[in-house]
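Counting in the numbering used here, the sequence shown runs from 1 upward without gaps. Built from N, CA and C at the ideal position, the CB exists for glycine as well.
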Amino acid sequence: MTDVIQLLPESVANQIAAGEVVQRPASVVKELLENAVDAGATHLKLLLRDAGKTLIQVIDNGCGMSETDARMSFERHATSKIRDAKDLFAINTMGFRGEALASIAAVAQVELRTRRTLDELGVRIVIEDSTVKVQEACQTPAGTSIAVKNLFYNVPARRNFLKSDPVEMRHILDEFQHVAMAHPDLFFSLHHNDQEIFHLPPGNLRQRMVKIFGEQVNKKLVPVEEKTDILRITGFVGKPDYYKKTRGEQLFFVNKRFIKSSYLHHAVMSAYEEMLPADSFALYTLFLDIDPARIDINVHPTKQEIKFDDEKLVYNYLKVTVRHALGTHNITPTLDFEQEPAFQVTPTRTPTLNQPANPSSSPGDYRSNRPEDRRHQDNLRNWQRAYAGLDMFAATNGGGATPADRADADIFPATEPGGGGTYFEVRASAENTRMDDETGSFSKGGKEPYQIHGQYIVSPIKSGFLLIDQQAASERILYERYAEALGNQPMATQNALFPKTLELAPADALLLRGILPEINRLGFEIAEFGGNAFVVHGTPAELSGNQSEETLVEKLLAQYKDNLDLDLDLHDNLARAMARSAALRRGQTLSVPEMQDLTDRLFACAVPFASPSGKKCLLTFGLDELRKQFEG
Ligand code: ADP
Ligand code: MG
């Protein structure tokens with residue numbers, strides 16, 4: 001019997017390693033920029049073609065390389081930055097793994113030109129598929145230029161996997177901005193298809209932030225500066241009156257390395273306490289400088305995660321520091337959002353979506369604790385605009401309208417043909433609503449929605465009506481809620497009186513084990529019980545009642561598996577899976593408050609128009625359009 005184990009050829013090993021280091025053009029951008037920073041460059045230029053798919057080039061004026069080093073730089077585990085294991089605990093450079101160039105050269109066509117200041121000639125190396133094609137002396141400015149062409153040209157599966165240019169560009173911009181923000185004292189520029197997108201002259205952090213986030217932040221920055229023996233925190237946080245509903249302007253750097261940490265994010269947000277409306281994000285760019293021995297950046301190949309030896313301490317210190325900064329700069333909570341009446345709209349509808357309201361949670365609790373319900377209040381303003389004209393029905397019907405309102409609308413009460421209630425024919429003046437004199441409208445019960453075929457909700461609005469697909473809408477609503485839950489606001493659990501043991505198929509058990517922490521954020525309380533068994537101590541408060549634990553977990557896993565093909569990130573996948581398994585189905589009858597609630601919550605969503613899988617949630621029918629159709 002012959003032996004079967006062989007060592008992989010270097011180029012194959014490199015390609016495998018590249019899978020971790022080079023996920024997309026943005027990863028290359030990050031590695032090249034960081035190398036240039038490590039090389040002591042003060043002037044860094046990034047040139048891109050087709051969102052980096054055709055070309056990514058970084059030109060720097062750093063220390064350059066000797067001919068031997070230039071050749072060596074493409075070897076795996078070749079680095080000038082650490083020499084032995086103990087250096088791992090004293091890392092002051094961005095790179096240290098010695099993997100990036102080797103990985104990039106395994107999956108792209110790379111051209112390197114480099115020269116040290118004192119050398120007369122530089123060197124040019126062309127390398128493809130981990131094979132050196134050209135190595136020659138050349139004339140080149142001092143510093144290094146690395147051009148990475150046709151990324152994944154030799155790995156079609158990965159090339160096809162690349163997203164559209166805008167998506168890839170978005171990722172590149174993130175990486176670029178992170179590096180540029182971490183080094184405001186260096187010049188950076190970015191050109192895409194010959195167009196200069198960023199031109200960042202050297203300056204201080206405030207100037208860099210303004211260049212990256214926009215002029216409007218200039219007056220909104222509060223400096224942060226605090227120092228102890230082990231930790232220094234510097235940077236800026238935004239004043240509480242400058243906040244956004246989406247993430248994107250929150251950056252942490254630990255020893256100048258951009259990191260993601262929802263834990264530290266939470267520390268900063270909690271320093272704002274009541275000063276921010278829930279579900280909104282203050283801006284910040286904070287630098288934590290800490291003895292490298294106290295952190296482990298070796299956690300992940302792309303190094304966006306970091307471990308502190310004492311996380312709690314960092315958390316508390318960060319929180320206190322930010323609060324102190326907000327305090328010293330006299331940021332008292334005289335906030336305009338508190339005075340804005342629109343925020344005081346208190347929805348009174350029942351919280352039901354597709355299940356009967358959970359008796360243990362009152363509607364009040366439900367509203368105020370849910371981040372998306374705060375958003376709901378916020379977005380309600382926009383939403384109400386669609387109903388603005390219709391409110392006149394209610395106004396004349398129940399008071400609240402000013403005389404001016406009444407004067408604007410020409411209202412003729414009339415008796416409903418079928419007897420019973422009253423309906424109103426409204427002739428609104430042109431400037432008040434867009435309806436003209438000819439298009440009077442009438443409606444029974446104002447803006448009350450109704451359901452057809454157990455599938456669609458018809459909801460009258462000022463300019464016509466909306467037709468809402470209840471399943472798609474409910475999926476959208478739940479998806480956003482679950483995404484939120486996975487991000488920073490875990491959902492409430494309904495504890496089971498009698499914990500239930502589930503015995504799963506080995507493959508399912510493996511799957512479930514892998515996503516257990518996330519699932520538990522969604523309101524499940526599931527623990528491993530050895531082998532393929534799990535104990536369910538609780539299920540999401542919102543879902544409990546009509547489905548057994550087995551069914552819930554089963555459905556969720558099934559959806560999750562389906563989604564794996566879509567190659568979503570874990571949170572996205574789970575949020576979708578949960579939304580799908582919990583959403584309203586066709587044929588489910590809804591009461592008027594349930595329909596109203598669904599509609600309101602749909603419009604409180606960040607993306608109300610489509611379900612997570614891209615199906616339309618609603619169609620709009622304009623009166624004008626309808627009239628035209630009738631006219632034939
Ligand atoms: P790492 O950055 O982890 O050391 P890389 O594969 O990114 O690994 O780079 C390998 C080596 O190539 C670096 O250690 C450095 O010595 C050299 N190098 C890479 N880019 C540059 C550059 N722009 N200027 C000078 N030297 C560079
Ligand atoms: Mg590197």
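Exercise for the section: Please name the residue, chosen from Ala102, Gly235, Asp624, that lies closest to Leu326 on a Cα-to-Cα basis. Expected result: The shortest C-alpha separation from Leu326 is found at Gly235.
Exercise for the section: Buried or exposed for Ala583, please, with buried defined as at least 16 other CB atoms from any protein chain shown within 10 angstroms of its CB. Expected result: Result: buried.
Problem - Per DSSP, cross-strand counterpart(s) of Asp296 - result: Partner(s): Lys307.
Exercise for the section: Quick one: residues in its chain with C-beta nearer than 8 Å to the C-beta of Pro166, no 5 flanking neighbours on either side, listed in chain order? Expected result: Within the same chain, Pro166 has close Cβ partners Ala51.
Exercise for the section: State the beta-bridge partners of Ile457 as determined by DSSP. Expected result: The partner list for Ile457 (beta bridge, DSSP) reads Gln451, Ile468.
Problem - For Gly19, the first and last residue of its enclosing beta strand (DSSP E) - result: Residue range 10-21 is occupied by the alpha helix (DSSP H) that includes Gly19, with no beta strand (DSSP E) assigned at that position.
Practice task
Work out the CA separation of Ala108 and Phe152 for me, nearest whole Å.
Solution key: Cα to Cα, Phe152 sits roughly 6 Å from Ala108.
Handout entry: Option nearest Gln599 by Cα separation, candidates Ala558, Glu554, Val458
Key = The question names Gln, but residue 599 is Thr in the sequence shown. That would be Val458, whose Cα lies nearest to the Cα of Thr599.
Problem - Contacts around Leu288, its chain only, beta-carbon distance under 6 Å, and the 5 residues preceding and following it disregarded - result: Short of 6 Å from the beta carbon of Leu288, and not among the five residues preceding or following it, lie these beta carbons of its own chain, in chain order: Ile233, Val254.
Handout entry: Gln177 - containing alpha helix (DSSP H), residue span
Key = Where Gln177 is concerned, the enclosing alpha helix (DSSP H) starts and stops at 165-182.
Exercise for the section: Indicate the three-state DSSP secondary structure (helix, strand or coil) for Tyr263 in the structure shown. Expected result: Helix at Tyr263.
Handout entry: Residues of its chain near Arg116, where Cβ-Cβ distance is below 6 Å and the 5 sequence neighbours each way are ignored
Key = By the criterion of a C-beta distance shorter than 6 Å, Arg116 is surrounded in its chain by Gly64, once the five residues flanking it on both sides are discounted.
Handout entry: Own chain, CB closer than 8 Å to Gln451, minus 5 neighbours either side, in chain order
Key = If we look at Gln451 and ignore the five residues flanking it on each side, its Cβ neighbours are Ile457, Val458, Gln470, Thr589, Leu590, Met595.
Handout entry: Burial state of Val58, where buried means 16 or more other Cβ atoms lie within 10 Å
Key = It counts as buried.
Problem - Every unbroken alpha helix (DSSP H) inside the region 184-211 [4 residues or more] - result: Counting only runs of 4 or more residues that sit fully inside the region 184-211, no alpha helix (DSSP H) segment turns up.
Handout entry: Status (buried if at least 16 other CB within 10 Å, exposed otherwise) for Pro156
Key = Burial call: exposed.
Problem - Beta-carbon gap between Gly143 and Asn35 smaller than 8 Å - result: For the 8 Å CB-CB criterion, Gly143 and Asn35 do not form a contact.
Problem - Segment contact, 8 Å Cβ cut-off, at least three pairs: the region 522-541 with the region 481-501 - result: When Cβ pairs closer than 8 Å are counted between the two stretches, the region 522-541 is seen to touch the region 481-501, the count reaching three or more.
Handout entry: Within the region 555-590, ranges of the alpha helix (DSSP H) (whole runs, at least 4 residues)
Key = Within the region 555-590, the complete alpha helix (DSSP H) runs of at least 4 residues are 570-582.
Exercise for the section: Given a cut-off of 8 Å, decide if Leu33 and Leu46 are closer than it, judged by their beta-carbon atoms. Expected result: Closer than 8 Å, so yes.
Problem - Leu276 to Ala100 span [Cα, whole Å] - result: Going by the C-alpha atoms only, they are around 41 Å apart.
Practice task
Note down the Cα distance separating Ser474 from Ala606, rounded to an integer number of angstroms.
Solution key: In a straight line, the C-alpha of Ser474 is about 14 Å away from that of Ala606.
Practice task
Give the range of the alpha helix (DSSP H) segment to which Val592 is assigned.
Solution key: Going by DSSP, Val592 is part of the alpha helix (DSSP H) stretching over 592-603.
Practice task
Please name the residue in Ile172, Phe187, Asn154 whose C-alpha comes closest to that of Ala18.
Solution key: The candidate whose alpha carbon is nearest that of Ala18 is Asn154.
Problem - Within 8 Å, strictly: CB atoms of Phe609 and Leu619 - result: No, the pair does not count as a contact, with Cβ atoms beyond the cut-off.
Problem - Glu225 burial status per 10 Å Cβ neighbour count (16 or more: buried) - result: It is exposed - the Cβ of Glu225 has fewer than 16 other Cβ atoms within 10 Å.
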